[in-house]
Amino acid sequence: MNKELDDDFINALMISLQDERIIEKIKEIAETAEADLFSQLREPKDLLKDKEIARLQQEIESKKEEINEYQIKVHNLNQKINSYFNELQKRRADYREAEELYGTVQQLSETTRNSLKRIFKGNTVQEFIVCGVQYENISSLWDFIKNEIMEGREQERGTLLTLFQYFFQEYSKTYDTPLYKPQEVKINEVFREDLHIRTLNSKISGNVTEILLPGYISINGKIIKKSIVRI
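Per this note's numbering, residue 15 is the first one in the sequence shown, and the count goes up by one each step.
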């Protein structure tokens, strides 16, 4: 009995499967199932893809930050290099000027060179510079030039004056606020014994006609060395 029912069911099913409407419905169900399966399979791939994109974007942002940091470091290093280079160029210029001045000093008379040995000890440009920027030697050099002028020996005054002015400026550079500055004296101003020293071949009084050796004062205005002038 059961076998006959099964056979009848199968026969009825086979007949039904030949119906075009049934066939279309089965295709529709199959396509929907396939689409659902594809969608289910696609979702994990899309999710993995999004995560990978997010990870890469985060890595890119991190690299951008590193690049910015390195750019800042490079900028700061370039500024330091430029500063060091400018300082080096300045030192080279100062050294070159001192070297030229040292050569000029060697052209002075033997008597003058021997006298200057008490101030500038050594036989190299480096020793010349080291001695020249010391205040005691600058003061002694000023006194030496003054004595030469007062004794009437002015032939080498130009070189000696350049020597004094160079080291006076270099000494001033060693302080943020210089301790001394040149005394201001103008041609044609009235001679004053409290401000000036007149040369022996000058008039007793009158106006300043020539400044042979500028004096200098302290930062608070105290006169350290009076200017040597001719009236």
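Idealized CB from N, CA, C, for every residue including glycine.
* **N-terminal and C-terminal residue of the alpha helix (DSSP H) that K160 is part of** => Counted from its first residue, the sequence shown places residue 160 at position 146. Its alpha helix (DSSP H) spans residues Y149 to M164.
* What residue range is occupied by the uninterrupted beta strand (DSSP E) comprising S232? -> The count along the sequence shown starts at 1 and reaches residue 232 at position 218. Y230 to S232 is the span of the beta strand (DSSP E), which, as asked, contains S232.
* **Which listed residue (V204, G220, I245 and P196) has its alpha carbon closest to that of N234** => Within the sequence shown, the letter at position 220 stands for residue 234. Here the closest residue by C-alpha is P196.
* Going by beta carbon distance, what residues of the same chain come within less than 8 Å of I264, once the five residues before and after it are set aside? -> One cannot answer for residue 264 here, as it falls past the ends of the chain, which runs 15 to 245.
* Reduced DSSP secondary structure (H/G/I, E/B, other) of N221 -> Residue mapping note: residue 221 aligns to position 207 of the sequence shown, counting from 1. DSSP places N221 in strand when its eight states are reduced to three.
* Straight-line CA distance for E162 to N100? -> On the sequence shown, residue 162 is found 148 positions in, with the first residue counted as 1. On the sequence shown, residue 100 is found 86 positions in, with the first residue counted as 1. Approximately 39 Å, taken between the alpha carbons.
* Asked: Going by DSSP, what residues sit across from Y194 in a beta bridge?
  -> Start at 1 with the first residue of the sequence shown, and residue 194 comes out as number 180. Y194 is bridged to S232.
* Under the three-state reduction of DSSP, which class applies to N96: helix, strand or coil? -> Here the question's residue 96 lines up with position 82 in the sequence shown. Helix, per DSSP.
* Minimum C-alpha distance to K217 - residue among E224, G172, R244 and I143 -> Walking along the sequence shown from the start, residue 217 turns up at place 203. Here the closest residue by C-alpha is R244.
* Stretch pair the stretch 72 to 88 + the stretch 120 to 138: three plus CB contacts closer than 8 Å -> no
* To do: Within its chain, find whatever has a CB closer than 7 Å to the CB of V144; leave out the 5 residues flanking it on each side and keep chain order.
  => Stepping through the sequence shown from its first residue, residue 144 is reached at position 130. Hits under 7 Å: none found.
* **For H210: DSSP bridge partner residues** => Position 196 of the sequence shown, counting from 1, holds the residue named residue 210. Answer by DSSP bridge pairing, in chain order: S241.
* Whole angstroms is fine: what's the gap from Y149's alpha carbon to Q93's? => For this step, residue 149 is matched to residue 135 along the sequence shown. For this step, residue 93 is matched to residue 79 along the sequence shown. Roughly 34 Å between the two C-alpha positions.
* Asked: Which one or two residues does DSSP pair with L227 in a beta bridge?
  -> In the sequence shown, the residue the question calls residue 227 occupies position 213. Looking at the DSSP assignment, L227 forms a beta bridge with I242.
* To do: Kindly indicate which residue of F205, T126 and K187 has the alpha-carbon position closest to the one of R171.
  => On the sequence shown, residue 171 is found 157 positions in, with the first residue counted as 1. Closest by alpha carbon: T126.
* Neighbour-count burial assignment, H89, 16 or more Cβ in a 10 Å radius -> Taking the first residue of the sequence shown as 1, we reach residue 89 at position 75. Its Cβ having fewer than 16 others within 10 Å, H89 is exposed.
* Please report the Cβ distance between A107 and F142, rounded to the nearest whole angstrom; I am assuming they are in contact, meaning their Cβ atoms lie under 8 Å. => To locate residue 107, count along the sequence shown from 1; it is residue 93. To locate residue 142, count along the sequence shown from 1; it is residue 128. Not confirmed; about 16 Å, so no contact.
* Would you say I237 and L226 are within 7 Å of each other, going by their C-beta atoms? -> Within the sequence shown, the letter at position 223 stands for residue 237. Within the sequence shown, the letter at position 212 stands for residue 226. No, these two residues do not count as a Cβ contact at 7 Å.
* Sorted by chain position, which residues of the same chain lie with C-beta nearer than 6 Å to L155's C-beta, five sequence neighbours on each side aside? -> Position 141 of the sequence shown, counted from the start, is the residue given in the question as residue 155. So the list reads I133 and F178, once near-sequence residues are dropped.
* Give the DSSP bridge partners of E204, in chain order. => Here residue 204 corresponds to residue number 190 of the sequence shown, with the count starting at 1. Correcting the residue identity first, residue 204 is Val in this sequence and not Glu. Answer is N221, bridged to V204.
* If you compare alpha carbons, which of N221, Y194 and I201 is closest to G229? -> Translated into the one-based positions of the sequence shown, residue 229 becomes position 215. Here the closest residue by C-alpha is Y194.
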